[in-house]
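Chemist: Here you go, one structure.
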Amino acid sequence: MRLSLMLLAALLVGILAAPPAIAQEPIPRCTSVEPMSGKIGTEIVITGENLDKQYVAKLYLTDGQNDIEMVIREQDATTMKSVIPKGAKPGVRYRLMILTRGKEPKLIEQPVRFEVEE
């Protein structure tokens, strides 16, 4: 019995001394954009996951070298609405890129593209 109590005490100490599991914040992800092309000033609707203000700080168009900030007009967990900004160049197919919120903000390129028309 004494051995059982010692083993139980050792087990409890081990459990209590273990570092807590690190909880990872949900990662924003865009799955589609409608329409897929349009002129400067075109309103777009982006759908995906974890797109609300809690996780997404900013939205950009990127061609891999140049990033153009977009104004987010509406935002909830599954959709964002924005307008193609004046700085976008016609004929370029841009990817969407998100700047996350949190302790360590990250820029995440999304697998969604939008082509700017003339």
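Residues in the sequence shown are numbered consecutively from 507, following our numbering. Virtual Cβ for every residue (Gly too), placed ideally from N, Cα, C.
Give me the DSSP bridge partner(s) of E623.
Modeler: E623 pairs with nothing; no bridge assigned.
Chemist: Below 8 Å CB to CB, which residues in the same chain sit around P532 once its five sequence neighbours on both sides are set aside?
Modeler: The residues are E555, N556 and Y561.
Chemist: Is L602 buried or exposed, if buried means 16 or more other CB atoms sit within 10 Å of its CB?
Modeler: Classification for L602: buried.
Chemist: To which residues does DSSP link R535 through a beta bridge?
Modeler: DSSP lists E555 as partners of R535.
Chemist: Given that a residue counts as buried once 16 or more other Cβ atoms are within 10 Å of its Cβ, and exposed if not, what is Q616?
Modeler: Q616 should be labelled buried.
Chemist: Taking the continuous beta strand (DSSP E) assigned at Q581, which residues delimit it?
Modeler: Q581 -> beta strand (DSSP E) spans I578 to Q581.
Chemist: Considering only their Cβ atoms, is the gap separating V577 from A594 smaller than 7 Å?
Modeler: No, the Cβ-Cβ distance between A594 and V577 is not below 7 Å.
Chemist: What separation, rounded to the nearest whole angstrom, lies between the Cα atoms of I590 and K609?
Modeler: In a straight line, the C-alpha of I590 is about 29 Å away from that of K609.
Chemist: Output the distance between the C-alpha atoms of D573 and Y566, rounded to the nearest integer angstrom.
Modeler: The alpha-carbon atoms of D573 and Y566 are separated by roughly 6 Å.
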